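Read in order, the letters of the sequence shown are residues 1 to 82 in UniProt numbering. Glycine residues also receive a C-beta, built at the ideal position from the N, C-alpha and C atoms. Nothing here was measured: the structure is a model prediction, and the numbers come from that model. Presented below is the structure to which this report refers.
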Amino acid sequence: MIRVLLIVAVVMLTVYCVVEVAQSRAGQVRAMPRWLWAFLVICAPVVGPLSWLFFGRPSAGTPSPRVAKAPDDDEDFLRGLR
């Protein structure tokens, strides 16, 4: 039973990291190119995902691109109405 739980945990961690690598922007990934991270996460079952989580993810301080706002939240739009 424990063996099955460990296998399921490794598969879930790998799937989570593959999705996260695929959704991250290429310019914000640290240490290696994004395609190499994807290769490492898929080919090295435990080491790959853990190394992505600790060394490859974009840091929290990385500025994200400007997100589209609703017109009533955009200060530039509201300034143009005056």
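Opening and closing residue of the alpha helix (DSSP H) in which residue i lies
{"i": "V8", "result": "I2 to Q23"}
{"i": "A38", "result": "R34 to C43"}
{"i": "R82", "result": "Premise fails: R82 is in no alpha helix (DSSP H) and is neither H nor E."}
{"i": "G48", "result": "V47 to S51"}
Rounded straight-line distance, which links the Cα of residue j to that of residue i
{"i": "P33", "j": "V11", "result": "23 angstroms"}
{"i": "V18", "j": "L36", "result": "11 angstroms"}
{"i": "V29", "j": "I7", "result": "27 angstroms"}
Neighbour-count burial assignment, residue i, 16 or more Cβ in a 10 Å radius
{"i": "G48", "result": "buried"}
{"i": "G56", "result": "buried"}
{"i": "V4", "result": "exposed"}
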